[in-house]
Amino acid sequence: METKNYSSDSGFILLGLSSNPQLQKPLFAIFLIMYLVTVVGNVLIILAIHSDPRLHTPMYFFLSNLSFMDICFTTVTVPKMLVNLLSETKAISFLGCLVQMYFFMACGNTDSYLLASMAIDQLVAICHPFHYNRVMNPRRCLLMLLGSCTISHLHSLLRVLLMSHLSFCASHVIKHFFCDTQPVLKLSCSDTSSSQIVVMTETLAVIATPFLCILFSYLRIIVTVLRIPSAAGKWKAFSTCSSHLTVVALFYGSITYVYFRPLSMYSVVKDRVATVMYTVVTPMLNPFIYSLRNKDMKRGLRKLRDRIHS
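Per this note's numbering, the very first residue in the sequence shown carries number 310; after that it's consecutive.
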């Protein structure tokens, strides 16, 4: 029997979050609002940081780039999902699927490396305050940013090249709202065992490296803070890390659930929920997490508001 290769003929169909027709418009309204909040919130963070000279520090340099990357991260998936919620075809070409997969992984991994860079900044500020300006100089911060982007894009390129050589014969319906690795691998009629080993190994290396960096940084921070004699001093040191730790927990918690499981344990519904958490919810919450408990950011946002109104 002749096997039809859907990857080159008709592309894929993105099933979306739900196939229930009655839920399409409510889901469209919910995710449109979430997307607009994400874009506006992160743009305000970027503008506030760049308009206030007192926020021109390494931490806020990384935060402004994290906000920019969050906008790109959600823009890779959410607009296409919104279009599909109001469309009957929900189609995406094979090339479009690979492009979406590439930028999704590139932006997501850059996010994780920026979070690691921010953890290193916290480590130097708390554990080595007298050497902070020398260690976290502008040149080193720029190199950390460029390194984050380079590693992430090379990782994405490898993954997409692996996917481009697979054949898709049994079905062309992706049970997800975007082209992610596991749902697409599920459709392949090629032998994906070697691809899965490469993907799991390489993903473990790329994602675990910034996570271990964050873990090591906070272990050093905890040891240093516990040596501070006063309770007020300990609380002040820990409170400076609370926003970053919250974002790290949200981001890595959902990513670990989605990507560090064998393909045989893949669950459509649970995977969608976890993916929505780190692709839509976390980028939307980041501006609130970093501004509500941060006096410097509040001051910067007030200054930006006053400048807009004047």
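Yeah, the Cβ is synthetic: ideal placement off N, Cα and C, and Gly gets one too.
Per DSSP, residue 322 is not a residue of any alpha helix (DSSP H); the beta strand (DSSP E) it occupies stretches across 321-323. With respect to residue 411, residue 469 sits close: the two C-beta atoms are nearer than 8 Å. Short of 7 Å from the beta carbon of residue 533, and not among the five residues preceding or following it, lie these beta carbons of its own chain, in chain order: 435, 436. Apart from the 5 residues on each side of it in sequence, residue 395 sits with its Cβ closer than 8 Å to the Cβ of 333, 334, 337 in its chain, given in chain order. In this structure, residue 419 lies away from residue 450, with their beta-carbon atoms at least 8 Å apart. Looking at the DSSP output, residue 401 bridges to 321. Rounded to whole angstroms, the gap between the alpha carbons of residue 455 and residue 423 is 10 Å. Scanning 563, 443, 370 for the CA closest to the CA of residue 426 turns up 370. Looking at the DSSP output, residue 506 shares a beta bridge with no other residue. In this structure, 482 is the residue among 482, 563, 467, 565 with its C-alpha nearest to the C-alpha of residue 320. If you draw a straight line from the Cα of residue 595 to the Cα of residue 563, it is about 15 Å long. Between residue 432 and residue 530, the gap from beta carbon to beta carbon is short of 8 Å. Non-local C-beta neighbours of residue 346 in its own chain, meaning closer than 7 Å and more than five positions away in sequence, comprise 593, ordered along the chain.
Counting only runs that start and end inside the segment 382-429, there is no beta strand (DSSP E) element of at least 3 residues. The beta carbon of residue 341 sits closer than 7 Å to those of 391, all from its chain and outside the five residues before and after it, given in chain order. Collapsing the DSSP output to three states places residue 537 in coil. Taking a 10 Å sphere around the C-beta of residue 325, we find 16 or more other C-beta atoms and assign the residue as buried.
Around the beta carbon of residue 513, a 10 Å sphere encloses fewer than 16 other beta carbons of the protein chains shown; the residue is thus reported as exposed.
The closest CA to that of residue 555, considering only 380, 428, 359, is found on 428. Residue 506 and residue 588 have their C-alpha atoms roughly 25 Å apart. Straight across, the Cα-Cα distance linking residue 610 with residue 398 is about 43 Å.
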